[in-house]
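In the working numbering, the protein residues as written are 2 to 121.
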Ligand SMILES: [Zn+2]
């Protein structure tokens with residue numbers, strides 16, 4: 002992404018996105034005004050601009066959730082083996098049925114999406 006950035010100080014940046022919006026990126030808190038970074042744990046394009054300007058390593062700013070250590074910790078407990086279907090214990094309750102058939106609504110399908118009032 003082509004963006005302009007302004008170093009404000011103390012790991013704080015103002016990043017100008019091509020869509021004429023400005024976002025405040027705080028590398029210390031690992032946040033961006035677009036909130037994508039906080040939501041998925043991976044730096045957004047605005048944060049990447051700031052990190053590269055700061056000569057930082059992008060991997061240092063990715064959430065620990067995506068680390069190899071976390072992956073190993075998740076799968077460390079024993080995963081029990083599964084017997085074949087004939088050996089399964091029958092439980093009380095209803096059988097799981099097939100999903101209902103998808104119904105096609107009458108008329109021709111809409112070709113254009115509905116635009117929100119905010120769309121230009
Ligand atoms: Zn952002």
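Even glycine gets a Cβ: it sits at the ideal position worked out from N, Cα and C.
Distance CB(residue i)-CB(residue j) smaller than 9 Å
i: residue 15; j: residue 26; result: yes
i: residue 11; j: residue 29; result: yes
i: residue 48; j: residue 62; result: yes
Exposure of residue i, with buried meaning 16 or more beta-carbon neighbours within 10 Å
i: residue 103; result: exposed
i: residue 51; result: buried
i: residue 7; result: exposed
i: residue 78; result: exposed
i: residue 44; result: buried
Simplified DSSP assignment, three categories, for residue i
i: residue 120; result: coil
i: residue 17; result: strand
i: residue 77; result: coil
i: residue 47; result: helix
Residues that DSSP places opposite residue i in a beta bridge
i: residue 108; result: In DSSP, residue 108 forms no bridge with anything.
i: residue 33; result: 26
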